[in-house]
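What follows is a single structure, written as C-alpha cells, with notes after it.
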C-alpha cells in the first residue's frame, strides 16, 4: 500500500530455518528493507514475499485478526524457491511489539506527527487500496528478476591471447624486440641470428647458459638470445627448446615486453611448426604480439647498393620513375639503412648528368 508510510511486517518463515519480518518498516516508494535470518549453515536461494503493509494502529486494535490475507504467499517464477509458510507464532509477538512501538512514537514529536499523518488517511484512500496493491505487486514482480538471475563471478584474471602477424621483412629491419637462437658458444643458430650477423647487429655473447634467454639492450628494444644445445639428439633438443621458452616467458614479464619478432625457420633438427606450438602453449595468456618474419626482403652488402639502384632505374619495366615509386619497387626484395636517401641521390645525379 503506497499510502502507508510506516507499517508492520509479521514474522514469516520462507524456508527451513530461515525467517524474515517481525519488524516495523518504512515504506520507501513501495520498497521496504528487512533483515533475513538464516539459522542454517547452507546458502539458499529465496523468494521474497509480497506483503501489504498495515497501519500500526490498525493492527493494535485488531491484534487477533488473521494477517495471512495481507500476505501473498504465491511464489513468482523461481524454480529454486520453496513454499512459503506463515509462522502462527507471529500473532503472539504483536501486542508487545505494538506497546513498545507506541512508546517510542509517543516520546518523539517528529515520530508522533508521522503516525498522525498515517491516521489521517481518509476512507477514499482505502477504497483505492486494491489498485495500489496491484501497482505494488507489479513493481515487486519486476524486482524479483534480481533474485532469479544466476550470479556470475567476475573474472579477475582475464585471459589475453597471443596475437600473431606475418611479415615479409627481414628480422634485422624490424623496429621491435628481436628473438634469435644461439649455440652454447654464443654463435648464430637460426635464420634470424644469421640475418642479424649479416646486418652487423648480432650481439656479442659470453658465458652463455643452455636453455636460458639472454636479453641485450638494442636502441629502445632488446635482442633476446635463446641458447640451445646443438650437439645432442633431436629429443633432447626439443626439450631444450621447450625449456628455453619458459625462460623467454620470464624475460618478457620482467622487461614488460608487449611484442617481439622472430624469424620463421627450423632450429637445428626441430621444425618451425613445433617451435610455434611451444610458443602458443607457454606464452599463452600473456597478450603479447608476435611478428613472424619470413626474411623474404634481403639486406644486401653495401657494395651492392649502387648496382641494385642502377638496375631498377634503367629497367625497361619500371625505369626512370620518381623516388617513391623506385623505393617501393626495390623494397619488394631489398632493404638497407637510409635506402631512400641513396635512391634520391642517385636519381638527382642521373638528372644532372642528362
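Numbering (the numbering used here), first residue to last: -5 to 348.
No residue lacks a Cβ here, since even glycine has one placed at the ideal position from N, Cα and C.
Contact check for residue 166 against residue 285 fails: the beta carbons are separated by 9 Å or more.
Taken through DSSP and simplified to helix, strand or coil, residue 1 comes out as strand. The segment 221 to 230 and the segment 178 to 194 touch, with three or more beta-carbon pairs separated by less than 8 Å. Judged by pairs of C-beta atoms under 8 Å, the segment 248 to 257 touches the segment 269 to 285, as three or more such pairs exist. Our two residues, residue 244 and residue 339, have alpha carbons roughly 46 Å apart in a direct line.
It is roughly 5 Å from the alpha-carbon of residue 216 to the alpha-carbon of residue 171. In the DSSP annotation of this structure, the continuous segment of the beta strand (DSSP E) that includes residue 207 starts and ends at 207 to 212. Within the segment 188 to 255, the runs of alpha helix (DSSP H) at least 4 residues long that lie entirely inside it are, in chain order, 228 to 249. Residue pairing by DSSP places residue 264 opposite 261 in a beta bridge.
Of the residues 271, 236 and 263, the one whose Cα lies closest to the Cα of residue 158 is 271. Secondary structure of residue 177 (DSSP, three-state): coil. For residue 258, the CB contacts under 7 Å within the same chain, skipping 5 residues up- and downstream, are 266, 286, 287 and 288 in chain order. DSSP lists 3 as the bridge partner or partners of residue 17. The beta carbon of residue 218 is closer than 8 Å to those of 171, 172, 173, 174, 207, 208, 209, 210, 242, 245 and 254 in its chain, skipping five residues each way along the sequence. Where residue 284 is concerned, there is no enclosing alpha helix (DSSP H), although the beta strand (DSSP E) around it starts and stops at 283 to 287.
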